[in-house]
Each structure stands twice: as structure tokens, then as C-alpha cells.
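Since the structure comes first, as C-alpha cells, the remarks are kept for the end.
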Amino acid sequence: MASFNSHDFWSPIQLSLQVALLSSIVVIIIGVAIAWWLSRRSFKGKIILETIFMLPLVLPPTVVGFLLLVMLGRRSWIGKWIEWFFNAPIVFTWWAAVVASIVVSFPLVYQTMKVGFASVDRNLEDAARSTGANEWGVFRYITLPLTFRSLITAYILGFARGLGEFGATLMIAGNIPGKTQTIPTAIYVAVDSGNTPLAWAWTAAIIVISFLLLLASRKIS
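Under my numbering, think of the first position of the sequence shown as 184, with each following residue one higher.
What follows is the structure, encoded as C-alpha cells:
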């Protein structure tokens, strides 16, 4: 029967938490900014733009990963610029896993914050403006505190989605042990190689982490 050591077990968990933490911080900032901006504006083509934002939620993760691979690969101008600036390509690094997690978790964060901003009473914001507050002041002292629960829920959902990302991560970051191997990709390899004990250990770990995240989300909401 196949077995495993402590390093085999903890390495993907550590990397997964690292990727999920960084991607969730980035996506919550981007998601809040875009959701707030779009919730306060109406223009032609807004529905199309919002539909594009939600696409990663319904597209197969492998499709998202393939598109990211084309966009950030060494043959694309973005990939060439990244390689020139950082003196290294981004594909098949743990940073690529962060990018994949940001893209696939963005729709959840955006939609959650969109609903949160829609629930804010506009009269309260207008009252703040009438007293001389600028838009940043209104957002910081009125809008954001009133959407605090939505903000926390959006962050937890973004973290959990990034933690469980598989298809897009496998396409753009690969599955390099100790470098880009996250829990989902590690489970896949463990099952494929017949290492059932290790697969069960990682499965139990991600179930516990996901359960705690969802429990925290429910308690806050």
C-alpha cells in the first residue's frame, strides 16, 4: 500500500493556502471597486460587460485555463512583456495559479458585492453628499460599513473558490510538486498513481478547510 510523509502532505496545502490568500486579497479589491462603480452607473453595453464578468462562472475551468495560457503564454505580447519585466515567464509558476484563482473567483465576489451595494439606501448616501462629503468619503463612511457583511462573505467565497480551483490552474500553472502543485491537482495525481491514503488525507484537509469557511460565511450573513 502506498504511503506518504509529512512533506508530501503539507506542501500542496501550504501552496494552496498561499495562492488562495493572495488571490482573494487581489480579487476582493478588484471586485469591490468594479461592483461599486457599475452599481452607481447606467450606460449602453452595461449588461454585456456584466455578462463578460460572469463568464468564468459558467465556462469549463479548462477553457478559462486555455484562454489564460494563450493570453499569458510566452508567444503573447502580454507574456513577452511579463517575461521581459520579471526576467521569467509567468506560466507554470505559482503566480500563474494566483492569476487563475483570481479569474475564476471574480464572478462570485463581484455578484456578492453587487447585491450588497444594491441594498444600500441611496438616501443615506445623498444625505452624506449634502453635508459636503466627496465620493470617497461617502464610500468609506457610508457605503462600505453598510455592506460589511457582503464584503466578508465575498472575501470568504473568493478564498474558498481559489482554494478549490483545479482546471484553470492545471492548464496555466501545471502540476509541479513543491512549486505549483495545489491540493486539487495533488489529489488528482494521488488517485491516478494509486496513492489512496494520501488522496484521502488531502481530501479530508480541504473538506475541513472548506467547511470552516462556509460556516464562517453563514455565521456572518
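All residues carry an ideal CB built from backbone N, CA and C; glycine is no exception.
- Nearest neighbour of residue 336 by Cα position, chosen from 297, 365 and 325, turns out to be 297.
- In this structure, residue 283 lies near residue 251, with their beta-carbon atoms less than 8 Å apart.
- Note on residue 243: under 16 other CB atoms within 10 angstroms of its CB, so exposed under the neighbour-count rule.
- The three-state reading of DSSP puts residue 294 in helix, counting H, G and I together.
- Residue 324 has its alpha-carbon roughly 11 Å from the corresponding atom of residue 331.
- Residues 259 of the same chain have their beta carbon placed closer than 8 Å to that of residue 253, with the five preceding and five following residues left out of the count.
- Separation of residue 368 and residue 359 (C-alpha to C-alpha, rounded to the nearest whole angstrom) is 9 Å.
- Nearest in C-alpha terms to residue 295, of all of 334, 310, 261 and 322, is 334.
- The way I'd put it, the region 311-320 doesn't touch the region 188-197; fewer than three beta-carbon pairs between them come closer than 8 Å.
- Residue 306 carries a helical assignment under DSSP once its states are collapsed to helix, strand and coil.
- Relative to residue 293, the option among 385, 213 and 377 whose CA is nearest is 213.
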